[in-house]
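Asker:
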Amino acid sequence: MMLRKLLFGYYCVALFQLIFLTGLFSVHIYAAISTYPAPQADFPASPFYKVTISQGKESRLGFVYLSRARTEGPGAQFVEGRTLSYTGFMATGIVTVEVELLPNEQLNTAEVVIRPTRFSISPTMFTERAVRFELSREGQFVVEFGPEGYRHALIIAYDPWETNAPDLNCKDVKLIQADGKIDPAADLREEHTLYFGSGVHDLGGRLDLPAGIKRVYLAPGAFVYGAFYIGHPDVVIDGRGVLCSGRLQHREAHSIETPPEAKRVIIEGITVTDYAKFAIRTLGRDNVVRWVKCIGGWVYNADGLVGWAGTTLRHNFIHADDDAVKLYDDHVLVEDCVIWQMTNGACLQLGWTSLAVRGVRVRNIDVVRAEWRSTGGANNSVINLRLASGTASGNTQSDFLFENIFVETPVDRLLDLRFTGKKNDMIDGGPHRLQDFCFRNIHARMKAPATSYTGNLFQPYNEQYGYRNIRFENLYINGIHITGNNYREAGYFKIPDEVRGEISFF
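Just so you know, the working numbering puts 493 at position 490 of the sequence shown, and the rest follows in order with no gaps.
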């Protein structure tokens with residue numbers, strides 16, 4: 004009996020120690036930080052910023068990449084000399100970020116702003132050229148130093164942890180050597196997964212994935228020049244590396260593209276930069292794009308994301324100089340995304356033609372900056388229906404919900420949903436219908452309309468083609484709640500009398 008009690012006591016002590024040590028080990032795991040390394044020792048870093056991520060006693064330096072504005076292509080004249088610096092890391096919980104300005108006269112330490120501003124992230128100066136702040140959640144954040152800081156802003160991506168990186172010991176995984184050329188016919192016959200390790204890779208243009216490839220993994224520190232074309236279903240492109248199309252000519256290829264037959268494609272975690280055309284264009288059904296950072300949409304045709312029916316776009320950052328997100332098919336879900344719109348395109352585009360679409364949901368969108376010019380085109384608004392003439396017509400878009408949309412910089416047009424007069428009173432547009440649209444909890448800053456084509460615009464095509472059941476719930480323009488009594492003066496709405504009864508404010 005004594006021996007049994009003694010053994011039981013030892014067992015309890017051992018169990019307690021195991022639980023205690025496991026708890027400590029778990030805390031250590033969750034306290035860990037992983038920043039992303041430089042692709043190689045001599046890879047050029049941003050000349051503007053040094054970024055350090057800390058949690059508890061652990062502190063890590065993050066490599067800061069640089070995207071320079073393109074010098075060729077339409078719209079290049081508006082971004083001459085611009086840059087974006089970007090870095091990322093994985094962690095869990097609250098982290099402390101230190102951003103140090105490297106010697107450069109183009110930046111100013113005054114008036115440091117961290118966007119999205121609705122999260123009220125307040126930096127503190129701890130040296131003359133450095134700020135410190137906390138991030139309590141995953142997401143993408145923009146740091147601007149001074150009123151002109153957006154011209155050379157810093158983007159910080161707080162990514163979730165990877166959970167299923169490929170095993171290089173698996174015979175189905177092919178490690179792509181840095182600076183090695185890929186011959187699909189010779190090199191990609193039996194492998195299931197392509198693994199781009201840390202280093203610089205050049206695809207030599209667009210790589211059309213062979214049908215046997217089901218996964219492309221870009222490891223942290225991988226910097227891959229080129230583009231991917233996915234022609235078959237059930238493919239994953241993921242990791243924490245960078246896909247850069249900076250060596251492609253303007254409009255040479257979309258950075259990632261799929262045709263309609265490529266369904267159930269998942270793109271996760273990577274950074275897509277300096278795209279020559281669309282960043283990601285998935286035309287198959289039921290795709291997922293999440294935690295992707297699209298940085299370097301500098302010229303026209305540099306659209307952000309589009310996905311066909313059943314696609315989910317979640318937790319993405321989109322910097323675009325054409326339409327940031329296209330809502331072109333049924334049951335598309337867009338949520339928890341950050342948009343930086345340049346001088347061209349719409350943040351949320353309903354279509355350049357009359358489309359039959361239903362069941363679209365857009366939630367929790369932060370438009371941290373919009374840079375449209377006062378002479379901008381008919382596709383320049385946060386929510387837009389371009390509806391160019393000479394295209395398909397007579398369709399209906401219905402059951403759309405836009406919820407929790409935040410627009411931080413003043414814009415000329417929050418909404419442009421006209422069916423005619425799209426180009427400064429020129430003949431443009433066509434027959435179309437919008438039905439059962441709800442705009443809920445929208446907060447936007449706007450400029451007072453200076454022309455007939457600025458403001459929030461509605462214009463039906465005729466009595467047959469117009470609007471039905473358009474609702475605004477908790478719409479705030481410049482901090483003022485817009486109602487049926489002040490929608491013209493405070494909301495800057497221009498609504499013809501014949502359709503006013505179909506548009507309501509609550």
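Glycine included, every Cβ here is placed at the ideal spot set by N, Cα and C.
Predicted model only: the values in this text are computed from it and were never measured.
(1) Name, in chain order, the residues that DSSP records as bridge partners for M345.
(2) Using 7 Å as the threshold, is the C-beta distance between H322 and G300 below it?
(3) If you draw a straight line from the C-alpha of V67 to the C-alpha of S37, how long is it?
(4) Near L18, which residues of its chain fall below 6 Å by C-beta distance, leaving aside the five closest residues on each side in sequence?
(5) Alpha carbon to alpha carbon, how far is T90 from Q252?
(6) Secondary structure at E500, three-state DSSP: helix, strand or coil?
(7) So what does DSSP say about K8, is it helix, strand or coil?
(8) Alpha carbon to alpha carbon, how far is L316 from Q467? Give it in angstroms, no decimals.
(9) Thinking C-beta only, is F475 closer than 7 Å to F442?
(10) Here's the rule: buried if 16 or more other CB atoms are within 10 angstroms of the residue's CB, otherwise exposed. What is M5?
(11) I think G224 touches P42, with their Cβ atoms under 8 Å apart; what is that distance to the nearest whole Å?
(12) Leaving out five residues on either side along the sequence, give the residues of the same chain with a beta carbon under 8 Å from the beta carbon of N477.
(13) Thinking Y464 and P434 are a contact (beta carbons under 8 Å), I'd like their distance in whole angstroms, please.
(14) Let me know the secondary structure DSSP gives F403 once reduced to three states.
(15) Touch check for the stretch 269 to 276 and the stretch 236 to 255: three-plus C-beta pairs under 8 Å?
(16) From G307 to N347, what does the alpha carbon distance come to, in whole angstroms?
(17) Using a Cβ-Cβ cut-off of 6 Å (strictly less than) and excluding sequence neighbours within five positions of R284, which residues of its own chain qualify?
(18) Quick one: which unbroken beta strand (DSSP E) runs of 3-plus residues sit fully inside the stretch 104 to 155? Chain order, please.
(19) Using a Cβ-Cβ cut-off of 8 Å (strictly less than) and excluding sequence neighbours within five positions of C340, which residues of its own chain qualify?
(20) Between G229 and I185, what straight-line distance do the alpha-carbon atoms span, to the nearest angstrom?
(21) Please report the residue range of the beta strand (DSSP E) in which Q438 lies.
(22) Considering only residues of the same chain and omitting the five flanking positions on each side of R421, which have a CB-CB separation below 6 Å?
Answerer: This is what the structure holds:
(1) Locating residue 345 in the sequence shown gives position 342, where the first residue counts as 1. M345 is bridged by DSSP to nothing; it lacks a bridge partner.
(2) Locating residue 322 in the sequence shown gives position 319, where the first residue counts as 1. Locating residue 300 in the sequence shown gives position 297, where the first residue counts as 1. Taking 7 Å as the Cβ cut-off, H322 and G300 qualify as a contacting pair.
(3) If you number the sequence shown from 1, residue 67 lands on position 64. If you number the sequence shown from 1, residue 37 lands on position 34. Rounded to whole angstroms, V67 to S37 spans 14 Å at the Cα level.
(4) The sequence position of residue 18 within the sequence shown is 15, counting from 1. In this prediction, L18 has a pLDDT of 40, which is less than 50 and means its spatial position is unreliable; what the coordinates show is noted afterwards. Result list for L18: empty, nothing under 6 Å.
(5) Sequence index remark: in the sequence shown, residue 90 carries index 87 (1-based). Sequence index remark: in the sequence shown, residue 252 carries index 249 (1-based). The alpha-carbon atoms of T90 and Q252 are separated by roughly 25 Å.
(6) Walking along the sequence shown from the start, residue 500 turns up at place 497. Reading off the sequence, residue 500 comes out as Asp, not Glu. Three-state result, D500: helix.
(7) Within the sequence shown, the letter at position 5 stands for residue 8. With a pLDDT of 45 at K8, under the threshold of 50, the modelled position of this residue cannot be trusted; read the value that follows with caution. The answer is helix: DSSP assigns K8 an H, G or I state.
(8) One-based indexing of the sequence shown puts residue 467 at position 464. One-based indexing of the sequence shown puts residue 316 at position 313. In this model, Q467 and L316 are separated by some 34 Å (Cα to Cα).
(9) Here residue 442 refers to the residue found at position 439 when the sequence shown is read from its first residue. Here residue 475 refers to the residue found at position 472 when the sequence shown is read from its first residue. At a Cβ-Cβ threshold of 7 Å, F442 and F475 count as neighbours.
(10) Counting from one through the sequence shown, the residue named residue 5 turns up at place 2. Per-residue confidence for M5 stands at a pLDDT of 42, beneath the threshold of 50, marking its modelled position as unreliable; the derived number appears in the next sentence. With fewer than 16 Cβ atoms within 10 Å of its Cβ, M5 is classed as exposed.
(11) Translated into positions along the sequence shown, residue 224 becomes position 221. Translated into positions along the sequence shown, residue 42 becomes position 39. Between G224 and P42 the beta-carbon gap is near 5 Å, inside 8 Å, which marks them as a contact.
(12) Locating residue 477 in the sequence shown gives position 474, where the first residue counts as 1. Hits under 8 Å: R443, N444, I445, H484, F509.
(13) Translated into the one-based positions of the sequence shown, residue 464 becomes position 461. Translated into the one-based positions of the sequence shown, residue 434 becomes position 431. Indeed, because the Cβ distance is near 5 Å, the residues count as touching under 8 Å.
(14) The residue you call residue 403 lines up with position 400 of the sequence shown. It is a strand residue.
(15) Counting Cβ pairs under 8 Å, three or more are found: they touch.
(16) On the sequence shown, position 304 is the one that residue 307 refers to. On the sequence shown, position 344 is the one that residue 347 refers to. Each residue's alpha carbon lies about 12 Å from the other.
(17) By one-based count along the sequence shown, residue 284 stands at place 281. The answer, listed in chain order, is H257, E260, V309.
(18) Listed in chain order, the complete beta strand (DSSP E) runs (minimum 3 residues) inside the stretch 104 to 155 are 115 to 118, 127 to 130, 133 to 138, 142 to 148.
(19) To locate residue 340, count along the sequence shown from 1; it is residue 337. Cβ within range, chain order: L316, R317, H318, N319, F320, I321, V328, N367, I368, D369.
(20) As a position in the sequence shown, residue 229 is number 226, starting the count at 1. As a position in the sequence shown, residue 185 is number 182, starting the count at 1. Approximately 12 Å, taken between the alpha carbons.
(21) Mapped onto the sequence shown, residue 438 falls at position 435. 436 to 449 is the span of the beta strand (DSSP E), which, as asked, contains Q438.
(22) Stepping through the sequence shown from its first residue, residue 421 is reached at position 418. So the list reads L460, Q462, once near-sequence residues are dropped.
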